[in-house]
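Enquirer: Take this structure first; my questions come after.
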Amino acid sequence: MISGLAVGSLYALGGIGLVVLRRATGFLNFAYGAIAAASAMICWQFIDWGFAGPVSWLMSILTGVILSVFFGRYLAPSLAWREPVVKAVATLGFALIILGLVSFIWDDAARKLVLPTDKIGFRLMEVRITVTRIIAFGSSLLIALGTILYLEKTRTGLQMRALANNRAHSALIGIPILKVETIAWALSGALAGFTGMLFGDLVRLDPTIITFMVIPAIAAAICGRLESLFLTFIGGLSIGVAEAMLTLVKPAAPFRSLVAFVVAVLVILWMQRKQRLVFQTED
Amino acid sequence: MDVISHFRQESRTYAALGFVAICVIVLPVVIDSIWVKVLTSAVIFTLAAYGISLLYSQLGLVNLSQVALIGVGGWIMLRLNYAVQFPFELNLLVSAVITAFIGMILALPAMRMKGLYLALITLMVAGGFQIIFSAIQFPNGGAGFLGVALQSPGEMRRPLIAESDTAYLRYSIIVVVLGVMLAAAHNRGRPGRAWAMIRKSEANAMAAGVNVTLYKLWCFTLSGFLAGVSGGLLAGALKILDAKSFPAGESILLFALTIVGGVGHWMGAVIAGFLYRVVPAIFNTIGIDADLSLVIFGAALLHAIMTAPNGIAGQLSSLFQSLGRQNK
Amino acid sequence: MIRISDLSVHFGGVVALDNITVDIKDDIVGVIGPNGAGKTTLVNVLSGFVLPDSGTVDVEGVDLLSLAPHMRARWGLARSFQKVQTADNLTVADNIWVSLDTSASPGMKKHAALNRVLDYVGLADMADVPAYKLNPCQRRMTELARCLVASPRIVLLDEPGGGLSEIEVDKLRQVIGNIKTIFGAQVLLIDHDVELIKSVCSKTMVLDFGELIAFGPTETVLQDENVKAAYLGTEIKV
Chain A
1 MISGLAVGSL
11 YALGGIGLVV
21 LRRATGFLNF
31 AYGAIAAASA
41 MICWQFIDWG
51 FAGPVSWLMS
61 ILTGVILSVF
71 FGRYLAPSLA
81 WREPVVKAVA
91 TLGFALIILG
101 LVSFIWDDAA
111 RKLVLPTDKI
121 GFRLMEVRIT
131 VTRIIAFGSS
141 LLIALGTILY
151 LEKTRTGLQM
161 RALANNRAHS
171 ALIGIPILKV
181 ETIAWALSGA
191 LAGFTGMLFG
201 DLVRLDPTII
211 TFMVIPAIAA
221 AICGRLESLF
231 LTFIGGLSIG
241 VAEAMLTLVK
251 PAAPFRSLVA
261 FVVAVLVILW
271 MQRKQRLVFQ
281 TED
Chain B
284 MDVISHFRQE
294 SRTYAALGFV
304 AICVIVLPVV
314 IDSIWVKVLT
324 SAVIFTLAAY
334 GISLLYSQLG
344 LVNLSQVALI
354 GVGGWIMLRL
364 NYAVQFPFEL
374 NLLVSAVITA
384 FIGMILALPA
394 MRMKGLYLAL
404 ITLMVAGGFQ
414 IIFSAIQFPN
424 GGAGFLGVAL
434 QSPGEMRRPL
444 IAESDTAYLR
454 YSIIVVVLGV
464 MLAAAHNRGR
474 PGRAWAMIRK
484 SEANAMAAGV
494 NVTLYKLWCF
504 TLSGFLAGVS
514 GGLLAGALKI
524 LDAKSFPAGE
534 SILLFALTIV
544 GGVGHWMGAV
554 IAGFLYRVVP
564 AIFNTIGIDA
574 DLSLVIFGAA
584 LLHAIMTAPN
594 GIAGQLSSLF
604 QSLGRQNK
Chain C
612 MIRISDLSVH
622 FGGVVALDNI
632 TVDIKDDIVG
642 VIGPNGAGKT
652 TLVNVLSGFV
662 LPDSGTVDVE
672 GVDLLSLAPH
682 MRARWGLARS
692 FQKVQTADNL
702 TVADNIWVSL
712 DTSASPGMKK
722 HAALNRVLDY
732 VGLADMADVP
742 AYKLNPCQRR
752 MTELARCLVA
762 SPRIVLLDEP
772 GGGLSEIEVD
782 KLRQVIGNIK
792 TIFGAQVLLI
802 DHDVELIKSV
812 CSKTMVLDFG
822 ELIAFGPTET
832 VLQDENVKAA
842 YLGTEIKV
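Protein chains in written order, with my numbering: chain A, 1 to 283; chain B, 284 to 611; chain C, 612 to 849.
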């Protein structure tokens, strides 16, 4: 249950990163997991080279930012006016590139990402709670709140919301599109770097596995209808907890990762019951 | 239709038939046995890629679960092989139909949403089947519904007329051609018209009386059917299937290569099959790491999406057209 | 006859249609009004793309609102869009054929219907031309042909004259004017071109801010003080 909340927090963070980016730029970033994986590996590498913890963690987040901004600044603009599906497919290409590079640079050996907070913890009702897990949950809560506030209260946040609403009009009223979008890509990338690092610690440090954590993150984003940060947060937590619960149910245990899919389908079906407009307008 | 474009249409058909004839008659003879297996695999995935291509070119919908559905088709094929004594062709048909049905059910929720949701759902389906296949493995003659025998696997039967690897290659090519023709029949007829209308504007299609959800679903089901056929053929080709061959990443990769090869024309699917199976084998032979092929393919997808909407096939086609014009 | 009763549509706080009640009997009826008056919303409700908050639409005893959009089309409701939506990679004939696929009555001779409508709009020699090669007028004619081919009962035209030259509007006038005689369908025509409305519509309804502010013989309606005020924005002292 506790680990479910912790992992669910990571899904929630992933979902939030996806939703913020999508709202500001229209890109649903399939490469999110791949960026997280690359960041986690960089973090491990720096620790392996003997750098201090905080430096490595910083490198993790920095990697996320660099990769994300690279795509957002140099590749995304030429796709800005294309369909959302095309944009998403482009991020898929980026994901393959990153995954290929990461798999190539670091061979298949099993590695562990260990954070000092793993060793600190306490027992609560027979369950060991490490500080890492607390950080995961706590930070996701803080970041979720922080992002919601950021979008509501700050000027850039307002600009991002305007962009999400209508890109063409935003340009007309003088919003610096490229700058705001780059900030969105950077934020999303930083989140990816942070999430990747924690994921590598709490679950497994394996590039492919971390790359595909984009799936539960997407499921969380779907819970938020690809726009509500609050619902995304709740969705991510729920998926994490449900997965953890299923580990206790013996026959279903191997299938617990299907939870994300089932939740997403249920949410989509529920969304359709409330459709008033019969066809989809432009995105 | 004026005479010149009619002639061009005819010559394109003859070119296609010629290509197929060469493949069936000449090719299996001139290549050695290892490459026969690789080529058979490429041919089989060509059909699946064509399924992806159909959905994307006709409706702009993204199917990221095709390899998973191939796995489903293969699973059912193997299961039938050990359970009943039906001929290969019947098993193949049944596998394809059931796969199509499963694909349809899974895609149904996303059909009335924005196109992006189908991409998301199929990605999750791919992930889901990765887990399922790992858990239940593939039937190979064992007892029970799952039919997994840990020792002494059974025998996967091949079609009576295509026992040898070379014969099976020819057989696969013919089946693939039949599959493409099935899709072409759809394109030329009522579904093709409905799809084109939906692509332009769902509202307009509805206003013209088209049941948009039904036709979108039909296209996806057809795509799934082709995946099912591919799966069945693959089971016959490899005789055993391994859960490790069907992770979510493979579905994504096949999709990527379908775009790179070029959607909308069968040639693009052929290129995709070639890229998916033959190129990695070549890379292996000359010593390039498999991971780097991911990088190359990812870059190719990005490039294709950003600049060349019709992929390699489209560029080849334009090349031939401009050469043709020069020769006049 | 189309009987619309108490039709209302709200989008959030905005009233798009406000208790519209009108009986439409004439062959060709115009719908005019300033931008944002609710004309397209009305057509969207009739064709099924917007669900009204209240009200009914009855056509010859059929409760139109109970049918799904594509079923209304099959029943006999055809509509065109402000922005022409011909499928670019289909030929003219194939575009028209879509309606024959879906809405032809059993026993209808489809090829004959296709040829008839192609002659009617003047595209008989362009049947096999892919739509992306057409100019705007030809595209509009293709769309109209598609609307008419399966002998609809009602045709809704949403600003068909947009982007057409004078000569082309003339042709449009002819095409619209003969719909009842040749195809037996009632026409509802939305447009800003007052000359076009005057020349084909026997009656006209005027919408402003979602309200029906006038309905009657076209000439009379166009002289109505309230209608003039709506377009000019001046207030009327009653």
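By construction, the Cβ of each residue, glycine as well, lies at the ideal position given by its N, Cα and C atoms.
#1: Can you list the residues of chain C that B/K397 reaches, using a CB-CB cut of under 7 Å?
#2: So, using beta-carbon positions, are B/I415 and B/V307 closer together than 8 Å?
#3: Starting from C/K814, follow the beta strand (DSSP E) in both directions and report where the run begins and ends.
#4: CA-CA distance, C/G672 and C/I613?
#5: Which word fits B/F428, buried or exposed, when buried means at least 16 other C-beta atoms lie within 10 angstroms of its C-beta?
#6: Does the beta carbon of C/D705 sit closer than 8 Å to a beta carbon anywhere in chain B?
#7: Since A/L96 and B/F580 are thought to touch, with beta carbons under 8 Å apart, how far apart are those beta carbons, to the nearest angstrom?
#8: Going by other Cβ atoms of all chains shown within 10 Å of its Cβ, with 16 needed for buried, is C/R685 buried or exposed?
#9: In this structure, what does DSSP give as the bridge partners for B/L347?
#10: Between B/F428 and chain A, is there a C-beta pair that is closer than 8 Å?
#11: Taking the alpha carbon of A/G4 as the reference point, which residue from A/A190, A/T182, A/F199, A/L21 has its own alpha carbon closest?
#12: Short check: CB of C/L676 to CB of C/V668, under 8 Å?
#13: What's the C-alpha gap between A/E282 and B/K483?
#14: Exposed or buried, which one is C/P680 when buried takes at least 16 other CB atoms within 10 Å?
#15: Please state whether DSSP places C/A756 in a helix, a strand or coil.
#16: Whose C-alpha, out of B/G532, B/M439, B/G515, is nearest the C-alpha of B/V459?
#17: Could you name the residues of the same chain whose beta carbon sits closer than 8 Å to that of B/A630, not counting the 5 residues immediately before and after it, in chain order?
#18: Using DSSP bridges, identify the partner residues of C/V633.
#19: Nearest to C/K636 by alpha carbon, out of C/C812, C/E836, C/G821?
#20: In whole angstroms, what is the alpha-carbon distance linking C/N597 and C/S619?
#21: Are the C-beta atoms of B/S528 and some chain C residue less than 8 Å apart?
#22: Any residues in the segment 488-517 of chain B with a beta carbon nearer than 8 Å to a beta carbon of chain A? Which ones, in chain order?
#23: Who does C/Q797 pair with in a DSSP beta bridge?
#24: Would you grab the beta carbon distance between B/Y333 and B/A552 for me? Rounded to a whole angstrom, and I think it's under 8 Å.
#25: For B/A304, does the count of other Cβ atoms within 10 angstroms reach 16, so buried, or fall short, so exposed?
#26: Among all the DSSP beta bridges, which residues are the ones paired with C/R690?
#27: Counting along the chain, where does the alpha helix (DSSP H) carrying C/E777 start and finish?
#28: How would you list, in chain order, the residues of chain B whose beta-carbon sits under 9 Å from the beta-carbon of C/A841?
#29: Where do the ends of the beta strand (DSSP E) carrying C/A825 lie?
#30: Give a yes or no on whether the C-beta atoms belonging to A/F194 and A/I98 are separated by under 8 Å.
#31: Between the segment 377-407 of chain B and chain A, which residues of the former have CB atoms less than 8 Å from a CB of the latter, in chain order?
#32: With a threshold of 8 Å between beta carbons, is C/Q696 in contact with chain B?
#33: Buried or exposed: A/P216, going by 16 or more other Cβ atoms within 10 Å of its Cβ?
#34: Quick one: residues in its chain with C-beta nearer than 6 Å to the C-beta of B/G357, no 5 flanking neighbours on either side, listed in chain order?
#35: Once you ignore the five residues that flank A/T182 on each side, which residues in its own chain have a CB closer than 8 Å to its CB?
#36: Would you report the Cα separation of B/A539 and C/G733, rounded to the nearest angstrom?
Expert: Well, looking at it:
#1: Neighbours of B/K397 across chain C, judged by C-beta separation under 7 Å, do not exist; the nearest C-beta is about 16 Å away.
#2: Not closer than 8 Å, so no.
#3: Where C/K814 is concerned, the enclosing beta strand (DSSP E) starts and stops at 814-819.
#4: Each residue's alpha carbon lies about 9 Å from the other.
#5: So B/F428 ends up on the exposed side.
#6: At least one CB atom of chain B sits nearer than 8 Å to the CB of C/D705.
#7: In this structure A/L96 is in contact with B/F580, their Cβ atoms being roughly 6 Å apart against a cut-off of 8 Å.
#8: By the 10 Å Cβ count, C/R685 comes out buried.
#9: Listed as beta-bridge partners of B/L347 by DSSP are no residues whatsoever.
#10: It does not: the Cβ of B/F428 has no partner Cβ on chain A nearer than 8 Å.
#11: Nearest to A/G4 by alpha-carbon distance, out of A/A190, A/T182, A/F199, A/L21, is A/F199.
#12: Going by C-beta atoms, C/L676 is nearer than 8 Å to C/V668.
#13: Because A/E282 carries a pLDDT of 31, less than 50, the predicted location of this residue cannot be relied on, and the following value inherits that uncertainty. Taking the straight line from one Cα to the other gives about 12 Å.
#14: Label assigned to C/P680: buried.
#15: When secondary structure is reduced to three states using DSSP, C/A756 falls in the helix class.
#16: Of the candidates B/G532, B/M439, B/G515, B/G515 places its Cα closest to the Cα of B/V459.
#17: The requested residue 630 of chain B does not occur in the structure, where chain B is confined to residues 284 to 611.
#18: Beta-bridge pairing links C/V633 to C/I615.
#19: Per the Cα distances, C/C812.
#20: Since the first and last residues shown for chain C are 612 and 849, residue 597 of chain C lies out of range.
#21: Not closer than 8 Å to any Cβ of chain C, the Cβ of B/S528 fails to qualify, so no.
#22: Flagged, chain order: M489, V495.
#23: For C/Q797, the pairing in a beta bridge is given by DSSP as C/I765.
#24: Right, the Cβ-Cβ distance comes to about 4 Å (below 8 Å), so this counts as a contact.
#25: With fewer than 16 Cβ atoms within 10 Å of its Cβ, B/A304 is classed as exposed.
#26: Within the DSSP bridge table, the entry for C/R690 names C/L767 as partners.
#27: 777-788 is the span of the alpha helix (DSSP H), which, as asked, contains C/E777.
#28: The premise fails here: C/A841 is roughly 28 Å from chain B at the closest Cβ pair, so nothing lies under 9 Å.
#29: Taken as a continuous stretch (DSSP letters only), the beta strand (DSSP E) holding C/A825 covers 822-828.
#30: No, the pair does not count as a contact, with Cβ atoms beyond the cut-off.
#31: Residues P392, A393, R395, M396, K397, G398, L399, Y400, A402, L403, I404, L406, M407.
#32: The C-beta of C/Q696 comes closer than 8 Å to at least one C-beta of chain B.
#33: Classification for A/P216: buried.
#34: Shown here for B/G357: same chain residues with a beta carbon closer than 6 Å to its own, the five before and five after excluded, namely G514, L517, A518, L524 in chain order.
#35: Taken in chain order, the residues that qualify are V69, G72, R73.
#36: Separation of B/A539 and C/G733 (C-alpha to C-alpha, rounded to the nearest whole angstrom) is 45 Å.
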